[in-house]
Amino acid sequence: MARRQLVLASGSPRRLELLQQAGIEPDRLMPADLDETPARNEHPRSLAKRLSKEKADVVARAMAELDPAGRIYVVAADTVVSVGRQILPKAELSEDAVANLRLLSGRTHRVYTGVCVVGPRGAARQRLVESRVRFKRLSREDIESYVASQEWRGKAGGYAIQGLAGAFVVRLVGSYTNVVGLPLYETLALLGGEGFDIHGRWKAGPDLPARPAPAEATPGTL
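Each residue of the sequence shown is one higher than the one before, counting from 120 in my numbering.
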């Protein structure tokens with residue numbers, strides 16, 4: 120019987136590293152090319168759930184054409200940072216990063232990640248995880264120096280907690296891996312619920328030879 124394969128519906132190095140940290144090596148990276156613009160009056164929680172489900176569905180359909188035998192697991196996630204109902208954009212320009220950091224300064228914000236797993240039978244399982252993060256009051260030098268670091272680029276909320284911005288965090292309530300971009304407990308629970316062997320590489324021991332890096336499909340190739 121052919122081995123079942125795992126596809127991560129993301130090109131995020133952080134999500135890949137988190138799965139690898141948990142002993143899971145995806146066979147393929149396939150980012151879903153979607154319009155991630157929030158709907159009018161869409162709540163941050165609803166946006167994270169909707170986009171994770173849409174990403175999983177798009178990639179699962181593409182993989183079903185490549186592997187009609189149905190041996191594929193798909194993991195998709197979407198992370199949204201908000202202050203109240205205000206959704207902070209992924210920072211692509213320095214102006215975005217500055218605006219986000221000024222808004223987060225000295226306040227508590229929420230980080231939502233929707234996780235969706237589609238199993239070989241086509242069934243979708245989904246979880247939404249929420250964490251609360253409080254930043255210290257950021258000085259002008261804090262903001263200018265962080266923006267100069269470029270760590271913010273492409274990050275939800277304009278920061279990466281696993282990097283320099285970890286020094287801004289006064290308090291975190293909830294899952295740290297959720298804030299990084301993929302809550303591991305919930306992700307592995309969803310995979311395990313679909314019959315994926317989440318402990319396979321654990322049981323193989325430290326001498327297991329390294330697997331080649333997962334193949335990557337660029338956005339727009341689906």
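The beta carbon of each residue, even a glycine, is placed where N, CA and C say it ideally should be. Since we're looking at a predicted model, the values are computed, not measured.
- For ALA323, the uninterrupted alpha helix (DSSP H) segment begins and ends at 319-323.
- A distance below 9 Å separates the beta carbons of GLU144 and PRO333.
- Under the three-state reduction of DSSP output, ALA284 falls in the helix class.
- In terms of Cβ geometry, THR232 and GLY300 form a close pair [threshold 9 Å].
- A direct Cα-to-Cα measurement between GLU155 and GLU260 gives close to 32 Å.
- Of the candidates ALA175, VAL193, ALA279, ALA279 places its Cα closest to the Cα of GLU270.
- Residue pairing by DSSP leaves GLN269 without any beta bridge partner.
- Here the alpha carbons of ALA151 and VAL177 stand approximately 7 Å from one another.
- Between the beta-carbon of LEU153 and that of SER129 there is about 11 Å, and that puts the pair past the 8 Å contact cut.
- For the options GLU313, TYR295, SER264, the alpha carbon positioned closest to that of ARG133 is the one of TYR295.
- The criterion of a C-beta distance shorter than 9 Å is not satisfied by PRO157 and ARG190.
- Around the beta carbon of VAL199, 16 or more other beta carbons sit within 10 angstroms, so the residue counts as buried.
- With a threshold of 16 other beta carbon atoms within 10 Å, ARG180 falls short and is exposed.
- Here VAL289 has ARG253, LYS255 as same chain residues with Cβ atoms under 6 Å from its own Cβ, once five neighbours each way along the sequence are excluded.
- In this structure, SER171 lies away from VAL266, with their beta-carbon atoms at least 9 Å apart.
- In this structure, the beta-carbon distance from ARG246 to ARG229 does not fall below 9 Å.
- Secondary structure note for THR306: its alpha helix (DSSP H) is the uninterrupted segment 303-312.
- Approximately 27 Å separates the beta-carbon atoms of PHE315 and LEU166; this is outside 8 Å, ruling out the contact.
- In the DSSP assignment, ASP176 falls within the alpha helix (DSSP H) that extends over 163-185.
- The secondary-structure analysis by DSSP pairs LYS209 across a beta bridge with ALA275.
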